[in-house]
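Peer 1:
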Amino acid sequence: MIVATHFAAFDVAEWEPDEEYPYFPEGSRDKRLLRCPADVTHTALIPRHRYLFKKSRRVYPEQFWAEVVAYHVGRVCGVPVPPVFPAWDSRTGECAALVEWFYGHPGKPMESFLSGGLFMKTLIKDYDLKRGRQHNFASIEMLCQVLANPKGGRPRLGQDWPQAWARMLTFDALIGNTDRHHENWGFRVTRLVDPVSATYSLAPAFDNGTSLGHEWSKDQFGRFTDAKYLHRYIHKGRHHMKWEAGDAKSAGHAELLLRLVEKYPDSRPAMDAVLAFDATELDRRLVALTALSIPVALSPGRAGFMLRLLLARRDYLRSALTSP
1 MIVATHFAAF DVAEWEPDEE YPYFPEGSRD KRLLRCPADV THTALIPRHR YLFKKSRRVY
61 PEQFWAEVVA YHVGRVCGVP VPPVFPAWDS RTGECAALVE WFYGHPGKPM ESFLSGGLFM
121 KTLIKDYDLK RGRQHNFASI EMLCQVLANP KGGRPRLGQD WPQAWARMLT FDALIGNTDR
181 HHENWGFRVT RLVDPVSATY SLAPAFDNGT SLGHEWSKDQ FGRFTDAKYL HRYIHKGRHH
241 MKWEAGDAKS AGHAELLLRL VEKYPDSRPA MDAVLAFDAT ELDRRLVALT ALSIPVALSP
301 GRAGFMLRLL LARRDYLRSA LTSP
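Numbering-wise (this note's numbering), the sequence shown opens with residue 1 and increments by one.
1) For Met110, which residues in the same chain have their Cβ closer than 6 angstroms to its Cβ, ignoring the five residues on either side in sequence?
2) Please name the residue, chosen from Gly158, Ala148 and Gly176, that lies closest to Arg232 on a Cα-to-Cα basis.
3) Using the beta-carbon count (16 or more within 10 Å), is Gln145 buried or exposed?
4) Out of Glu141, Pro37 and Arg313, point me to the one whose CA is closest to Pro162's CA.
5) In the DSSP assignment, what residue or residues form a beta bridge with Cys95?
6) Do you know offhand how far Ile2's Cα is from Asp278's?
7) Measuring straight from C-alpha to C-alpha, what distance separates Asp272 and Ala254?
8) Rounded to whole angstroms, what is the Cα-Cα separation between Thr280 and Gly153?
9) Would you call Arg54 buried or exposed, if buried means 16 or more other Cβ atoms sit within 10 Å of its Cβ?
10) Looking at the structure shown, is Pro37 part of a helix, part of a strand, or coil, going by DSSP?
11) For Asp11 and Leu98, I'd like the C-alpha separation in whole angstroms.
12) Taking the Cβ atom as the reference point for each residue, do Ile294 and Trp88 lie within a distance shorter than 8 angstroms?
13) In terms of residue numbering, what span does the beta strand (DSSP E) encompassing Ser267 cover?
14) Within 10 angstroms of its Cβ, does Lys125 collect 16 or more other Cβ (buried), or is it exposed?
15) Skipping 5 residues on each side, what residues in its chain have a beta carbon closer than 6 angstroms to that of Trp243?
16) With a 10 Å radius around its C-beta and 16 neighbouring C-beta atoms as the bar for buried, classify Ala276 as buried or exposed.
17) Assuming Asp179 and His135 form a contact by the criterion Cβ under 8 angstroms, report the distance between their Cβ atoms to the nearest whole angstrom.
18) Got a sec, what are the start and stop residues for the alpha helix (DSSP H) Phe137 sits in?
19) For Pro17, which beta-bridge partners are listed by DSSP?
20) Taking DSSP as the reference, what is the three-state secondary structure of Leu321?
21) Does the separation of the CB atoms of Leu174 and Arg314 fall below 8 angstroms?
22) In whole angstroms, what is the alpha-carbon distance linking Glu19 and Pro155?
23) CB Glu62 to CB Val84, shorter than 8 angstroms?
24) Contact check, His105 vs His181 under 8 angstroms by CB: the rounded distance?
25) Under a Cβ-count criterion, where at least 16 other Cβ atoms within 10 Å of its own Cβ denotes burial, should Asp172 be classed as buried or exposed?
26) Is it the case that the Cβ atoms of His72 and Leu282 are separated by a distance below 8 angstroms?
27) Between which residues of its own chain and Arg35 is the CB-CB distance below 7 angstroms, once the five residues before and five after are set aside?
28) Which residues share a DSSP beta bridge with Ser201?
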């Protein structure tokens with residue numbers, strides 16, 4: 001069901017920059033870290049909580065909508081994604097995705113975040129933090145196994161970690177995300193009393209803007225009415241990570257899922273659940289987003305294009321997962 005409070009656009013002109021990180025340094029897109037005003041009345045927002053004002057790349061002015069729509073895809077697929085709203089700054093005219101900070105919520109236990117890059121650098125000698133050429137799932141698997149089954153200690157990570165990764169990687173394949181690099185995943189760490197009591201959980205699927213055909217302009221949407229062209233485009237999609245560090249190139253979207261389910265058969269239901277989303281509900285959400293008033297609006301044409309890609313990718317992934 002649609003939650004009405006999730007369909008709003010916000011002007012952040014009066015929002016204050018976060019005192020600690022006014023300009024967020026990571027990533028290729030301009031972004032600012034803001035604090036939601038204490039007197040905010042909209043129920044979708046959290047007073048005094050952090051939000052990332054994340055702009056599009058200049059060459060793709062509508063890219064921020066991919067971030068917004070990916071959040072709604074996560075909602076209908078049952079994949080944890082931080083809430084994202086369309087926003088603008090009326091002083092500068094800038095439009096962006098307004099992304100809720102996924103930890104440090106008021107009234108919650110003390111939390112922190114450890115990015116995948118910290119672990120990759122520890123696990124792999126001379127790891128390339130700039131490009132992540134050695135980024136691979138086998139190293140992630142080893143890390144998760146150690147956290148879930150430490151020698152001489154209690155588990156820090158739940159035993160369902162293969163299912164959690166299956167959900168996120170299936171979500172990435174569904175939206176066509178090519179940017180789940182080592183800084184775009186990690187662990188949310190909850191510290192109950194002291195560091196010894198810390199527990200780990202896979203962070204929600206954040207930073208999803210390199211997806212959903214964001215790189216295509218409206219005059220190119222017609223190409224995708226050709227079934228063969230559409231299939232070739234989807235088939236070329238790749239994850240950022242390889243299966244193993246020594247592989248020649250990163251894994252295809254379907255390929256990585258197939259290798260994961262081959263090694264962890266219990267992860268298959270998680271993949272199927274992501275792909276079993278209600279297309280009618282998703283269409284309703286897209287229509288609601290096109291009705292929002294914002295300087296760079298989501299056009300019905302782009303919304304329809306995104307839905308076409310999602311449905312085609314769902315069919316492609318289902319076929320790949322059921323092929324002998």
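Backbone N, C-alpha and C fix where the C-beta goes; we use that ideal spot for every residue, glycine too.
Peer 2: Quick answer:
1) Arg191
2) Gly176
3) exposed
4) Glu141
5) Trp88
6) With a pLDDT of 43 at Ile2, under the threshold of 50, the modelled position of that residue is not reliable, and no figure is offered here.
7) 13 angstroms
8) Taking the straight line from one Cα to the other gives about 47 angstroms.
9) The sequence given here places Lys at residue 54; Arg does not occur at that position. Around the beta carbon of Lys54, a 10 Å sphere encloses 16 or more other beta carbons of the protein chains shown; the residue is thus reported as buried.
10) Collapsing the DSSP output to three states places Pro37 in coil.
11) Rounded to whole angstroms, Asp11 to Leu98 spans 10 angstroms at the Cα level.
12) yes
13) No beta strand (DSSP E) holds Ser267; DSSP gives it neither H nor E.
14) Looking at its Cβ environment, which holds fewer than 16 other Cβ atoms inside 10 Å, Lys125 is exposed.
15) Phe137, Ala251 and Arg259.
16) exposed
17) Actually they are not in contact, since the Cβ atoms of Asp179 and His135 sit about 11 angstroms apart, beyond 8 angstroms.
18) Phe137 to Ala148
19) Leu34
20) Reduced to three states, the DSSP call for Leu321 is helix.
21) yes
22) 35 angstroms
23) no
24) That pair is no contact at about 26 angstroms.
25) Counting Cβ neighbours within 10 Å, Asp172 comes out buried, since at least 16 surround it.
26) yes
27) Trp15, Glu16, Asp18, Arg48 and Arg50
28) Arg188
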